[in-house]
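Asker: Supplied in structure tokens, the structure appears directly below.
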Amino acid sequence: GEEISAGKIDLSGCKSGTYSALFATVSRYSLFAGSTVFPDSSGAGASPKMVKTTSLFADKNTSAAEPLATWLETGGLSDSSKKYFRPTAGWSTAFVKLSSSGSSADLSNAEAAVMYEDGLKSAAINDTGLVPGWYCETGNSVDEYCVRAVSGDDEKIQWRFLSTLDGLNGMPLDLNDENSCSVPLDLSYYALKPGTYEEAGIKFLWANDGGTLKYVGARGAEDGLTITFGKPTC
508 GEEISAGKID LSGCKSGTYS ALFATVSRYS LFAGSTVFPD SSGAGASPKM VKTTSLFADK
568 NTSAAEPLAT WLETGGLSDS SKKYFRPTAG WSTAFVKLSS SGSSADLSNA EAAVMYEDGL
628 KSAAINDTGL VPGWYCETGN SVDEYCVRAV SGDDEKIQWR FLSTLDGLNG MPLDLNDENS
688 CSVPLDLSYY ALKPGTYEEA GIKFLWANDG GTLKYVGARG AEDGLTITFG KPTC
């Protein structure tokens with residue numbers, strides 16, 4: 508993928524010691540828009556049948572992430588007050604609904620709407636309950652990616668990465684009086700350079716309703732974020 512340089516982080520206010528966790532405040536929401544053809548014979552040929560992101564459930568939905576049942580529909584499509592859907596309780600991801608009950612309508616002539624996906628709700632689905640006040644997505648208490656709300660700001664969430672987490676390189680940082688001035692930080696996203704084997708773009712969820720293929724929901728795919736710290740220096 509391509510790298511984005513995040514510049515240097517000022518360490519002048521840090522005490523000497525070993526730093527093994529990264530905290531970052533980021534936007535609570537990610538935006539996506541796009542389309543694809545139907546994954547059957549109707550999606551082939553010169554005028555393929557298409558699905559596109561829709562506006563019906565595209566809003567941010569700033570409600571709390573718990574309880575899940577207030578915003579997440581599981582198994583059936585009957586509650587239009589809930590923005591997200593998953594086929595079974597065993598699914599670790601939720602999809603933003605494209606319609607109230609699934610649809611087979613051709614959206615070739617429609618415009619792809621920009622849809623919001625809530626990172627706080629996505630984390631709540633997989634919460635292990637191991638860290639109070641955080642939604643943590645893995646089962647190892649010493650190797651977790653965690654998310655929590657930012658008090659007083661519905662637009663932000665905070666990430667917590669521990670140094671053993673895949674995708675976080677260059678940590679722990681060992682700081683002393685001779686190197687605690689600054690440290691370079693690079694961010695890499697493979698979503699910026701999608702290829703055959705890279706998970707980027709949009710995932711669409713489909714259902715076979717009595718022989719009729721219907722689109723149900725969509726979500727942004729993983730962006731492949733990698734965070735790399737360089738060597739602390741003065």
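With our numbering, letter number 169 in the sequence shown gets 676, and the count goes up by one each step, no holes. Yeah, the Cβ is synthetic: ideal placement off N, Cα and C, and Gly gets one too.
Measure the beta-carbon distance from Ala540 to Thr560 and round it to whole angstroms, keeping in mind my assumption that it falls under 8 Å.
Answerer: Going by Cβ atoms, the distance from Ala540 to Thr560 rounds to 5 Å, so yes, they are a contact pair.
Asker: Whose C-beta lies closer than 7 Å to the C-beta of Leu518 among residues of the same chain, with five residues either side of it excluded?
Answerer: Leu682, Ser687, Cys688, Ser689, Val690 and Pro739.
Asker: Mapping the DSSP letters down to three states, classify Thr740 as helix, strand or coil.
Answerer: Three-state DSSP puts Thr740 in a strand.
Asker: Taking DSSP as the reference, what is the three-state secondary structure of Gly626?
Answerer: Helix at Gly626.
Asker: Nearest CA to the CA of Ala601: which residue from Lys628, Ala617 and Ser587?
Answerer: Measuring from the Cα of Ala601, the nearest candidate turns out to be Lys628.
Asker: Applying the 10 Å Cβ sphere with the 16-neighbour rule, what's the burial state of Phe592?
Answerer: By the neighbour-count rule (16 or more Cβ atoms within 10 Å), Phe592 is buried.
Asker: Using a 10 Å radius around the Cβ and a threshold of 16 neighbouring Cβ atoms, would you call Leu605 buried or exposed?
Answerer: By the neighbour-count rule (16 or more Cβ atoms within 10 Å), Leu605 is buried.
Asker: Excluding the five sequence neighbours on either side, which residues of its own chain have a C-beta within less than 7 Å of the C-beta of Glu624, listed in chain order?
Answerer: The answer, listed in chain order, is Tyr536, Ser537, Phe539, Val603, Arg726 and Gly727.
Asker: Rounded to whole angstroms, what is the Cα-Cα separation between Ser542 and Ser587?
Answerer: Each residue's Cα considered, the two are about 22 Å apart.
Asker: Using a Cβ-Cβ cut-off of 7 Å (strictly less than) and excluding sequence neighbours within five positions of Gly582, which residues of its own chain qualify?
Answerer: Hits under 7 Å: Pro594 and Thr595.
Asker: Is Ser588 helix, strand or coil when you go by DSSP?
Answerer: It is coil, neither helix nor strand.
Asker: Return yes when the Cβ of Tyr526 is within less than 7 Å of the Cβ of Pro639, no when it is not.
Answerer: Their beta carbons are not under 7 Å apart, which means Pro639 does not touch Tyr526 by this criterion.
Asker: Give me, in chain order, the residues of the same chain whose beta-carbon lies closer than 8 Å to that of Tyr704; leave out the 5 immediate sequence neighbours on both sides.
Answerer: Low local confidence applies: a pLDDT of 48 at Tyr704 is under 50, so the model's placement there is unreliable, and no value is given.
Asker: Taking all protein chains shown into account, decide if Lys590 is buried (16 or more other Cβ within 10 angstroms of its Cβ) or exposed.
Answerer: With 16 or more Cβ atoms within 10 Å of its Cβ, Lys590 is classed as buried.
Asker: Could you check the C-alpha separation between Leu742 and Phe668 for me, to the nearest Å?
Answerer: This structure leaves residue 742 out entirely; the chain is present only between 508 and 741.
Asker: So for Arg726, helix, strand or coil by DSSP?
Answerer: It is a strand residue.
Asker: Please report how far the alpha carbon of Tyr652 lies from the alpha carbon of Tyr642, in whole angstroms.
Answerer: Looking at the two C-alpha atoms, the distance is approximately 8 Å.
Asker: Which residues in the same chain have their Cβ closer than 7 Å to the Cβ of Lys631, if we skip the five residues on either side of it in sequence?
Answerer: Sequence check: residue 631 is Ala here, not Lys. Hits under 7 Å: Ala572, Glu573, Leu575 and Tyr642.
Asker: Could you pull the start and end residues of the beta strand (DSSP E) that Thr635 belongs to?
Answerer: Thr635 -> no beta strand (DSSP E), and no H or E assigned at all.
Asker: At a cut-off of 6 Å, would you count Met557 as near the ligand ZN, judging by its Cβ distance to the nearest heavy atom?
Answerer: The ligand ZN is not part of this structure, which contains no ligands at all.
Asker: Can you tell me whether Cys741 is buried or exposed? The criterion is at least 16 other CB atoms within 10 Å of its CB, across all chains shown.
Answerer: Classification of Cys741: exposed, given that the 10 Å Cβ count is below 16.
Asker: Give the secondary structure of Ser615 by DSSP, where H, G and I count as helix, E and B as strand, and everything else as coil.
Answerer: Coil, per DSSP.
Asker: Can you check whether the CB of Ala565 is closer than 7 Å to the CB of Ala619?
Answerer: Their beta carbons are not under 7 Å apart, which means Ala619 does not touch Ala565 by this criterion.
Asker: Going by the beta-carbon positions, is the gap between Ser610 and Met557 smaller than 7 Å?
Answerer: It is not a contact, given that the beta carbons lie outside the stated cut-off.
Asker: Which residues in the same chain as Ala656 place their Cβ atom closer than 7 Å to its Cβ, once the five residues preceding and following it in sequence are excluded?
Answerer: Leu627 and Ile664.
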